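Participant: Numbering (our numbering), first residue to last: 58 to 400. A virtual CB, placed ideally from N, CA and C, is assigned to each residue, including glycine. Computed from a predicted model, the values in this text were never measured in an experiment.
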């Protein structure tokens, strides 16, 4: 039962459906997040070492190479927030973040070339706290833009949906928040994950993230224009905690058959809600809400110019990435020798 709910909500929530429908194919990196969540759990359960740093940095590189720039940045934010709230992991998380940036230098370094040449205007996040609740329980009808009564710049409705339905939302609130906090003293409950999750929620609100962009005007930070997107990583951590709590209940209690049938019925209702949202956002139906824009190939030309500065930065970035990887492997091997010295 727990896995079924996890499968349904993870694969068919409003966020991933809407972004794929509007053509954000780099959102394929979303499906790599379970490995990141697993790595964070490994850290909290005492398996944080140089090998953990290598695996996490390699995961970050894989995400970046798959076009998941946004997902990469959100993971960095989550680690930063976790480091601040769980100081015992500060050193390890800082080293991991630095190596993650160094490993991705082949992709990051060229970004500094056009720095300041693009008008990368911040658009906005969820205008109200109530907007987050509505994104969970209300189906957003596909449309081009919403003005949000002037509280944000014109923004696509696909940026404001996390739809899981009313039952799905209550499942997340009860098992992912209430029970995690209530059972905080139990082994492997990990309520500390709710703090960086809350941090991501705060950053996804209104214009809060805009102030971070102003304070740290570097490409990794300024590339984020729509703050509402980053809530999805916090959403997935709450989902993971909720499923773990549900499985804990199922493992330690014997239920009357009627309760089992009721649970099955509720799972079917959640499935129905997700299916109805899927019907709105599948491409053949969602496309009807958008204006057809003809493509005239004659108006476009392929610009192919020599770009020595770009290739110089690319090669320098590649060198940094390779050296960082070699150094990480060396540190992992040295750590293993220290733990298990040869006899």
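Take residue 71 as the anchor and find which of 269, 221, 375 has the nearest alpha-carbon.
Facilitator: That would be 221, whose Cα lies nearest to the Cα of residue 71.
Participant: Does residue 222 come out as helix, strand or coil in the three-state DSSP assignment?
Facilitator: Helix at residue 222.
Participant: To the nearest whole angstrom, what separates the beta carbons of residue 112 and residue 96, a pair I think is in contact under 8 Å?
Facilitator: 6 Å
Participant: When the Cα atoms are used, what is the spatial distance from residue 86 to residue 125?
Facilitator: When rounded, the distance between both Cα atoms is 5 Å.
Participant: Indicate whether residue 215 and residue 79 have their beta-carbon atoms separated by less than 8 Å.
Facilitator: yes
Participant: Just reading off the alpha helix (DSSP H) that residue 156 is part of, what are its end residues?
Facilitator: 147–160
Participant: For residue 400, is the classification buried or exposed, using 16 other Cβ atoms within 10 angstroms of its Cβ as the cut-off for buried?
Facilitator: Low confidence applies here, because residue 400 scores a pLDDT of 47, under 50, leaving its location unreliable; read the following figure in that light. In the assembly as shown, residue 400 is an exposed residue. Its beta-carbon has fewer than 16 other beta-carbons within 10 Å.
Participant: With H, G and I counted as helix, E and B as strand and the rest as coil, what does DSSP make of residue 400?
Facilitator: Any reading at residue 400 needs caution, since the residue's pLDDT is 47, under 50, leaving its predicted position unreliable; the model's value is listed next. Coil at residue 400, not helix or strand.
Participant: Residue 285 and residue 182 - do their beta-carbons sit closer together than 8 Å?
Facilitator: yes
Participant: Taking 8 Å as the cut-off, decide whether the C-beta atoms of residue 381 and residue 151 are in contact.
Facilitator: no
Participant: Please check the pair residue 59 and residue 300, which I expect to be a contact at CB under 8 Å, by giving their CB distance rounded to whole angstroms.
Facilitator: With 8 Å as the limit, residue 59 and residue 300 qualify as a contact, their Cβ atoms being about 5 Å apart.
Participant: Along the chain, where does the alpha helix (DSSP H) that runs through residue 299 open and close?
Facilitator: That run of the alpha helix (DSSP H) goes 288–309.
Participant: If you measure between the beta carbons of residue 103 and residue 149, is that distance less than 8 Å?
Facilitator: No; because the gap between Cβ atoms is not below 8 Å, this pair is not in contact.
Participant: How many angstroms separate the CA atom of residue 144 from the CA atom of residue 329?
Facilitator: 43 Å
Participant: Would you say residue 135 and residue 290 are within 8 Å of each other, going by their C-beta atoms?
Facilitator: yes
Participant: In whole angstroms, what is the alpha-carbon distance linking residue 63 and residue 241?
Facilitator: Between residue 63 and residue 241, the C-alpha separation is close to 22 Å.
Participant: By DSSP, does residue 98 sit in helix, in strand, or in coil?
Facilitator: helix
Participant: Which residue marks the beginning of the alpha helix (DSSP H) containing residue 129, and which one marks its end?
Facilitator: 126–142
Participant: Is residue 342 near the ligand FAD, with its Cβ less than 7 Å from a heavy atom?
Facilitator: In the structure shown, the ligand FAD is absent, as is every other ligand, since no ligand is present at all.
Participant: For residue 386, I'd like the list of residues in its chain whose CB is within less than 6 Å of its CB, leaving aside the five on either flank, ordered along the chain.
Facilitator: none
Participant: What does the Cβ neighbour count give for residue 177, buried or exposed, with the cut at 16 atoms within 10 Å?
Facilitator: Classification of residue 177: exposed, given that the 10 Å Cβ count is below 16.
Participant: Are the CB atoms of residue 138 and residue 252 within a distance shorter than 8 Å?
Facilitator: yes
Participant: Using DSSP bridges, identify the partner residues of residue 283.
Facilitator: 181
Participant: Could you please give the first and the last residue of the uninterrupted alpha helix (DSSP H) stretch that includes residue 329?
Facilitator: 314–338
Participant: Please determine, among 389, 321, 198, the residue with the shortest C-alpha to C-alpha distance to residue 57.
Facilitator: Residue 57 cannot be examined here, being either before or after the span of the chain that is shown, 58 to 400.
Participant: Can you find at least 3 beta carbon pairs, one from the region 223–239 and one from the region 292–307, that sit closer than 8 Å?
Facilitator: yes
Participant: In whole angstroms, what is the alpha-carbon distance linking residue 262 and residue 325?
Facilitator: 32 Å
Participant: If I'm right that residue 219 touches residue 192 with Cβ under 8 Å, what's the distance once you round it to whole angstroms?
Facilitator: Contact between residue 219 and residue 192 holds, since their C-beta atoms are separated by about 5 Å, short of 8 Å.
Participant: Report the rounded CA-to-CA distance for residue 370 versus residue 376, giving the unit in angstroms.
Facilitator: 10 Å
Participant: For residue 75, is the classification buried or exposed, using 16 other Cβ atoms within 10 angstroms of its Cβ as the cut-off for buried?
Facilitator: buried
Participant: What's the C-alpha gap between residue 249 and residue 293?
Facilitator: 15 Å
Participant: Please say whether residue 295 and residue 254 have beta carbons closer to each other than 8 Å?
Facilitator: yes
Participant: What residues match up with residue 370 in a beta bridge as DSSP calls it?
Facilitator: None, per the DSSP bridge assignment.
Participant: Please say whether residue 65 and residue 230 have beta carbons closer to each other than 8 Å?
Facilitator: no
Participant: Do you know how far the Cα of residue 186 is from the Cα of residue 270?
Facilitator: 21 Å
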